[in-house]
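Shown next, in structure tokens, is the structure this report addresses.
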Amino acid sequence: MWGQHRRGGPARGACLAAAVAVTLALGCSGDDTTSDESPAQASTLRIADFTDVTTFDPVLAQNTQAAYLYPVYDTLVRQSTEHELIPHLATAWVQPDPTTLRFTLRDDVVFHDGSTFDASVVKANLERAKAVEGNPNAVTFAAISEVMVLDPVTVEVRFSTPNPTFLVEMSLVQGMMVSRDATAGKTDLTREPHGSGGWIWNQAESQDGVRQVFDRNPDYWAPELQGVERMEISVVADNEARYNALVTGQVDMEFGATPADVDRAADDDLNVLTLDVDVHFLLITDRGGALAPPLADPRVRRAIGHAIDRDAYVAAILDGVGSPSGGLVPPALTEWYDESLVEVPRFDPDLARALLAEAGYPDGFELTMPTLPLLQTSSEAVAQMLRDVGIRVRLAALQPGQLGPEMRRGSFAATFTEAVQYHPNQLLSTFLAGHGPYNPFGLADTRQIDEELATAAGADQATAKALYADVQRQAIDGGMMIPVAFAPVVVLARVPVDDAVIPLGARSALPYRVRRDDR
Amino acid sequence: MGMARLVLWRVLAVVPIMLVVSFVTFVLLSTNPVDPAEQLLGPTASEEQLEAKRHELGLDEPVLVRYADWLGGAVTGDLGQSIYTTTPVATSIGDRAGVTLSLTVGGLIVALVIGFPAGVSSAMRAGRPADRLTMVAATAGQAVPAFWLGTLLLLVFAVRWSIFNAVFYVPPSDSVTGWLKSIVLPCIALGASGAAWIARQTRSELVTVLQQDYIRTALAKGASRHQVLFGHALRNAGGPLLTVVALLVSAVLSASFVIEAVFALPGLGSLALESINRNDPAPVLGFVVCVVFVVVIVNVLLDLIQGWLNPKVRAL
Chain A
904 MWGQHRRGGP ARGACLAAAV AVTLALGCSG DDTTSDESPA QASTLRIADF
954 TDVTTFDPVL AQNTQAAYLY PVYDTLVRQS TEHELIPHLA TAWVQPDPTT
1004 LRFTLRDDVV FHDGSTFDAS VVKANLERAK AVEGNPNAVT FAAISEVMVL
1054 DPVTVEVRFS TPNPTFLVEM SLVQGMMVSR DATAGKTDLT REPHGSGGWI
1104 WNQAESQDGV RQVFDRNPDY WAPELQGVER MEISVVADNE ARYNALVTGQ
1154 VDMEFGATPA DVDRAADDDL NVLTLDVDVH FLLITDRGGA LAPPLADPRV
1204 RRAIGHAIDR DAYVAAILDG VGSPSGGLVP PALTEWYDES LVEVPRFDPD
1254 LARALLAEAG YPDGFELTMP TLPLLQTSSE AVAQMLRDVG IRVRLAALQP
1304 GQLGPEMRRG SFAATFTEAV QYHPNQLLST FLAGHGPYNP FGLADTRQID
1354 EELATAAGAD QATAKALYAD VQRQAIDGGM MIPVAFAPVV VLARVPVDDA
1404 VIPLGARSAL PYRVRRDDR
Chain Z
484 MGMARLVLWR VLAVVPIMLV VSFVTFVLLS TNPVDPAEQL LGPTASEEQL
534 EAKRHELGLD EPVLVRYADW LGGAVTGDLG QSIYTTTPVA TSIGDRAGVT
584 LSLTVGGLIV ALVIGFPAGV SSAMRAGRPA DRLTMVAATA GQAVPAFWLG
634 TLLLLVFAVR WSIFNAVFYV PPSDSVTGWL KSIVLPCIAL GASGAAWIAR
684 QTRSELVTVL QQDYIRTALA KGASRHQVLF GHALRNAGGP LLTVVALLVS
734 AVLSASFVIE AVFALPGLGS LALESINRND PAPVLGFVVC VVFVVVIVNV
784 LLDLIQGWLN PKVRAL
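Residue numbers (the working numbering), protein chains in the order written: chain A, 904 to 1422; chain Z, 484 to 799.
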């Protein structure tokens, strides 16, 4: 079955009795780390995250940092364990027409600074998000034309064009509400959060780049969501160190685990939560052949699609965790996933070679693609598959942070990359739309795609799904975007994850309802 | 040259070294192809917004002007600030220095406590099986990378036996036991190679000294082996050993940046790595300047101690 996957394992063994003298001196914590903990410690959820938080301002934060923001901020809506959008700060919402969303809000929410939440705060937040420069999620707010306060608990958001991703984005950092004073610029949100969330930031015990501490908000409007008294989120950049922290019981949860960790986690009696939303794909932007003339021929681009052995990629690069992709929308997006795309395009190296020969490149050609340290192994695998059919790929190593700008500048004809997806419009519009940032060569071959994406944005779900499927077919058949695999976002835990949720669009789990048990 | 003049010359020599290091690092960082303005404003920023942000960050100024600005602040202790978190670099370095100091000092202590007695013992038994065994162990110790040994120790003593912490640093002010549990394994990993190095050097120096005529004379006059060792041999072997220890400071310090990653310790190395990955130039520059400053100061102190111990060195 698709969607979020949960796994558990057998009971753990006991601490070995060796090295008694040192153990006596330092105290053996053993495998059961809760045995000598105070009640306060037992209700502390300790998390190791793969990244640091550079800002507590939701308008400047990225969803990769969401783990640090969810405890202190409430979002307008929330994702359920099945990834349905459910009420949070907004108790209900209606869409009277494709360019209007009307939210009914809670009237009992108080921010940590004592101010109250109402429709005017939502208006101030959305207007600020649209105005603040440097918002990495500016596209979420770009189409907002007006935010109207109808009464203290009703706010209406109007868009210049339909914005199909807005609702789900209101469950991510884009939908986090800061207090009235903060929206007025009276506080420095970068270093000090001002939210209404279930936990209050403990400034005294937090240290930049090391650990952020949050204490339970005693006046929270939804106490049933608060599973623990305290949360400590530590930065552990190294994958192996994060796993060791979890195995030894120094943390209860790990964000940013790799697919390779899933199998050994079962052996170590850890709970596993996965969500296949990370789309690995090849983007061919130089379809006019400005940098790589062979790519102007659609047969060459189709040949690339047939050269990718997706099963081998999943087995070797994703350790068998994840799935080979045909389409570009992952199965985790159950509403939008289209099984008819699973077989598109099939791995057929002979066909790839034949297509290259037919296009006039029987000996292949040379192609330079960028790569990052994080993508090095997967890029090498894809490059080798292309080499096998004669396309001699040279990988140009870039620094972190350099890939997006270089792609947008048109420095490369084709790029292998990955993106976490939460709505088909998000990935397809970003990477395919003619007016989007990833059409650096100003190509006009996406006219039909642009029209269909625009229609889908304002259409009902069934129509939109059919249109998105058609856009994917065009992108794949035309060799614009070549899907490779759906990789999982992986969360490992010593605590139960039955109620835990990895929201679509994030790389961490929500803090709600996660409890410590006495293992 | 008098001792006062030696001190003056050595201290003054620090200034041009720091200027060259900071300037070269500054220039290298300014050639980074990643545009901080684009990083901050994201893909939707217009060219006008990017220009405005570059101006705000001072990136549109010539490199020399920006370096002069930075240098003006650095001499007053202001090493700039992170462009992402706006945290002053001096604060970040101060927050992390305790971890790196614990690791470096701990690693040196491990190296000295193990290496020095092993070297002395080996020299006193030169040519015997115990000596050969010690030297084989020293060779192996020098060959083992600190990060590998650290990983091995971690898997055995933290993951398997849960005696020490696998990750995280506990300040001694919070818990001395916790502090020990967090730094013992990293310090052993850091100090093992140094111990091997010191053992070899100590043995080598002592064996040479113990063959000198004045040692034979001392023994002939009835001095005990203990008196000869501590009263004559070690004193004369001390100079070269001091050089080894000073070099070891640099080696342990740089190895600690790798060990920090293995044990998830928030020291200066992790600060530098985070800043490099984030393309945040000010903390990287601050890190380089501080580390080089420490290494240079250690070497200056070594020169001064050598000069104090041996007046002939002062003339060099």
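Each residue gets a CB set at the ideal place from its N, CA and C atoms; glycine is no exception.
Practice task
With a cut-off of 8 Å on the beta carbons, I'd call residue 747 (chain Z) and residue 1144 (chain A) a contact; round off their distance for me.
Solution key: On the second sequence, residue 747 (chain Z) is found 264 positions in, with the first residue counted as 1. On the first sequence, residue 1144 (chain A) is found 241 positions in, with the first residue counted as 1. Between residue 1144 (chain A) and residue 747 (chain Z) the Cβ distance is about 4 Å, and since that is below 8 Å, they are a contact.
Handout entry: Bridge-paired residues (DSSP) for residue 1006 (chain A)
Key = Within the first sequence, the letter at position 103 stands for residue 1006 (chain A). The partner list for residue 1006 (chain A) (beta bridge, DSSP) reads A:996, A:1058.
Handout entry: chain A contact residues for residue 564 (chain Z), given Cβ-Cβ distances below 9 Å
Key = In the second sequence, the residue the question calls residue 564 (chain Z) occupies position 81. Result: empty, since nearest Cβ-Cβ is about 11 Å, beyond 9 Å.
Practice task
Name, going along the chain, the residues of the segment 548 to 578 of chain Z whose beta-carbon falls closer than 9 Å to a beta-carbon of chain A.
Solution key: 565, 567, 568, 569, 570, 574, 575, 578
Problem - Start and end residues, alpha helix (DSSP H) containing residue 676 (chain Z) - result: Indexing the second sequence from 1 puts residue 676 (chain Z) at position 193. Residues 659 to 693.
Exercise for the section: With DSSP as the reference, label residue 1118 (chain A) as helix, strand or coil. Expected result: Start at 1 with the first residue of the first sequence, and residue 1118 (chain A) comes out as number 215. Residue 1118 (chain A) falls in the strand class under three-state DSSP.
Problem - Rounded straight-line distance, which links the Cα of residue 1147 (chain A) to that of residue 943 (chain A) - result: Along the first sequence, read from residue 1 onward, the residue named residue 943 (chain A) stands at position 40. Along the first sequence, read from residue 1 onward, the residue named residue 1147 (chain A) stands at position 244. Annotation note: pLDDT 45 at residue 943 (chain A) (below 50); position unreliable, no value reported.
Practice task
Would you kindly work out how many angstroms separate the C-alpha atoms of residue 1027 (chain A) and residue 1111 (chain A), rounded to a whole number?
Solution key: Working through the first sequence from its first residue, we reach residue 1027 (chain A) at position 124. Working through the first sequence from its first residue, we reach residue 1111 (chain A) at position 208. Each residue's alpha carbon lies about 28 Å from the other.
Practice task
State yes or no: is the beta carbon of residue 1111 (chain A) nearer than 8 Å to at least one beta carbon in chain Z?
Solution key: Position 208 of the first sequence, counted from the first residue, corresponds to residue 1111 (chain A). Judged by the 8 Å Cβ criterion, residue 1111 (chain A) is in contact with chain Z.
Exercise for the section: Could you tell me whether the Cβ of residue 1096 (chain A) comes closer than 8 Å to any Cβ of chain Z? Expected result: Reading the first sequence from its first residue, position 193 is the one you call residue 1096 (chain A). False, the Cβ-Cβ gap to chain Z never drops below 8 Å.
Handout entry: For residue 672 (chain Z) and residue 811 (chain Z), the rounded distance between their alpha carbons
Key = Because chain Z is modelled from 484 through 799, residue 811 (chain Z) falls outside the range shown and cannot be assessed.
Exercise for the section: Run down chain A in chain order and give the residues with a C-beta less than 7 Å from the C-beta of residue 754 (chain Z). Expected result: Along the second sequence, read from residue 1 onward, the residue named residue 754 (chain Z) stands at position 271. Simply 1112.
Problem - C-alpha gap between residue 1261 (chain A) and residue 1244 (chain A), whole angstroms - result: Position 358 of the first sequence holds residue 1261 (chain A). Position 341 of the first sequence holds residue 1244 (chain A). In a straight line, the C-alpha of residue 1261 (chain A) is about 26 Å away from that of residue 1244 (chain A).
Exercise for the section: Counting only the same chain and skipping the five closest in sequence on each side, list residues whose C-beta sits under 7 Å from that of residue 1164 (chain A). Expected result: Residue mapping note: residue 1164 (chain A) aligns to position 261 of the first sequence, counting from 1. 1146, 1393, 1395.
Practice task
Would you decide whether residue 536 (chain Z) is buried or exposed? Buried here means 16 or more other CB atoms lie within 10 Å of its CB.
Solution key: If you number the second sequence from 1, residue 536 (chain Z) lands on position 53. Label assigned to residue 536 (chain Z): buried.
Problem - residue 1423 (chain A) in three-state terms, based on DSSP - result: Only positions 904 to 1422 of chain A appear in the structure, and residue 1423 (chain A) is not among them; the question remains open.
Handout entry: Continuous alpha helix (DSSP H) assignments of at least 4 residues falling wholly in the segment 1212 to 1245 of chain A
Key = 1213 to 1220
Practice task
State the beta-bridge partners of residue 1174 (chain A) as determined by DSSP.
Solution key: By 1-based counting over the first sequence, the position of residue 1174 (chain A) is 271. Answer is A:1396.
Practice task
Check the Cβ-Cβ distances between residue 1287 (chain A) and every residue of chain Z, and say whether any is below 8 Å.
Solution key: Working through the first sequence from its first residue, we reach residue 1287 (chain A) at position 384. Not closer than 8 Å to any Cβ of chain Z, the Cβ of residue 1287 (chain A) fails to qualify, so no.
Exercise for the section: Taking residue 1201 (chain A) and residue 1382 (chain A) to be in contact with their CB atoms under 8 Å, please state how far apart those CB atoms are, rounded to whole angstroms. Expected result: Taking the first sequence and counting its residues from 1, one reaches residue 1201 (chain A) at position 298. Taking the first sequence and counting its residues from 1, one reaches residue 1382 (chain A) at position 479. At roughly 6 Å, the Cβ-Cβ gap stays under 8 Å, so residue 1201 (chain A) and residue 1382 (chain A) are in contact.
Exercise for the section: Taking only runs that begin and end inside the segment 1351 to 1418 of chain A, name each unbroken beta strand (DSSP E) of 3 or more residues, in chain order. Expected result: 1384 to 1396
Handout entry: Contacts around residue 543 (chain Z), its chain only, beta-carbon distance under 8 Å, and the 5 residues preceding and following it disregarded
Key = Here residue 543 (chain Z) refers to the residue found at position 60 when the second sequence is read from its first residue. Taken in chain order, the residues that qualify are 534, 537.
Problem - Whether residue 1229 (chain A) touches residue 1327 (chain A) by CB criterion (8 Å) - result: Within the first sequence, numbered from 1, the residue matching residue 1229 (chain A) stands at position 326. Within the first sequence, numbered from 1, the residue matching residue 1327 (chain A) stands at position 424. Taking 8 Å as the Cβ cut-off, residue 1229 (chain A) and residue 1327 (chain A) do not qualify as a contacting pair.
Handout entry: 3-residue-minimum beta strand (DSSP E) runs that sit fully inside the segment 1084 to 1134 of chain A, ordered along the chain
Key = 1102 to 1104, 1114 to 1119
Handout entry: Residue of Z:762, Z:635, Z:754 minimising C-alpha distance to residue 577 (chain Z)
Key = As a working mapping, residue 577 (chain Z) is identified with position 94 in the second sequence. It is Z:754.
Exercise for the section: Check whether the Cβ atoms of residue 733 (chain Z) and residue 783 (chain Z) lie closer than 8 Å to each other. Expected result: Counting from 1 along the second sequence, the entry for residue 733 (chain Z) is found at position 250. Counting from 1 along the second sequence, the entry for residue 783 (chain Z) is found at position 300. It is not a contact, given that the beta carbons lie outside the stated cut-off.
Practice task
Grab the span of the beta strand (DSSP E) containing residue 1269 (chain A) for me, first residue to last.
Solution key: Residue mapping note: residue 1269 (chain A) aligns to position 366 of the first sequence, counting from 1. Per DSSP, residue 1269 (chain A) belongs to the beta strand (DSSP E) from 1268 to 1274.
Practice task
Work out the CA separation of residue 785 (chain Z) and residue 795 (chain Z) for me, nearest whole Å.
Solution key: Numbered from its first residue, the second sequence carries residue 795 (chain Z) at position 312. Numbered from its first residue, the second sequence carries residue 785 (chain Z) at position 302. Between residue 795 (chain Z) and residue 785 (chain Z), the C-alpha separation is close to 15 Å.
Exercise for the section: Sort out for me which residues DSSP pairs residue 1322 (chain A) with in a bridge. Expected result: Locating residue 1322 (chain A) in the first sequence gives position 419, counting from the first residue. DSSP output for residue 1322 (chain A) lists A:1182 as bridge partner(s).
Practice task
Report buried or exposed for residue 1098 (chain A), applying the criterion of at least 16 other Cβ atoms within 10 angstroms of its Cβ.
Solution key: Translated into positions along the first sequence, residue 1098 (chain A) becomes position 195. The residue in question, residue 1098 (chain A), is buried, as its Cβ has 16 or more Cβ neighbours within 10 Å.
Exercise for the section: Look up residue 1166 (chain A) in the DSSP assignment and say whether it is helix, strand or coil. Expected result: As a first step, residue 1166 (chain A) must be located in the first sequence, where it is residue number 263. Here residue 1166 (chain A) sits in helix by DSSP.
Handout entry: Under 8 Å between C-beta atoms of residue 1246 (chain A) and residue 1364 (chain A)
Key = What you label residue 1246 (chain A) is simply residue 343 of the first sequence in a count that begins at 1. What you label residue 1364 (chain A) is simply residue 461 of the first sequence in a count that begins at 1. Cβ atoms of residue 1246 (chain A) and residue 1364 (chain A): not closer than 8 Å.
Problem - DSSP state of residue 578 (chain Z) mapped onto helix, strand, coil - result: Numbered from its first residue, the second sequence carries residue 578 (chain Z) at position 95. In this structure, residue 578 (chain Z) counts as helix in the three-state DSSP scheme.
Practice task
Tell me, please, whether the CB atom of residue 744 (chain Z) is closer than 8 Å to any CB atom in chain A?
Solution key: The residue given as residue 744 (chain Z) occupies position 261 in the second sequence. Yes, residue 744 (chain Z) lies at the interface with chain A (some Cβ there is under 8 Å from its Cβ).
Handout entry: Proximity test, Cβ basis, 8 Å: residue 1036 (chain A) and chain Z
Key = Within the first sequence, the letter at position 133 stands for residue 1036 (chain A). Yes, residue 1036 (chain A) counts as interfacial toward chain Z.
Exercise for the section: Specify the secondary structure class of residue 928 (chain A) as computed by DSSP and reduced to three states. Expected result: Within the first sequence, the letter at position 25 stands for residue 928 (chain A). With a pLDDT of 43 at residue 928 (chain A), under the threshold of 50, the predicted position of this residue should be treated as unreliable, and no value is reported.
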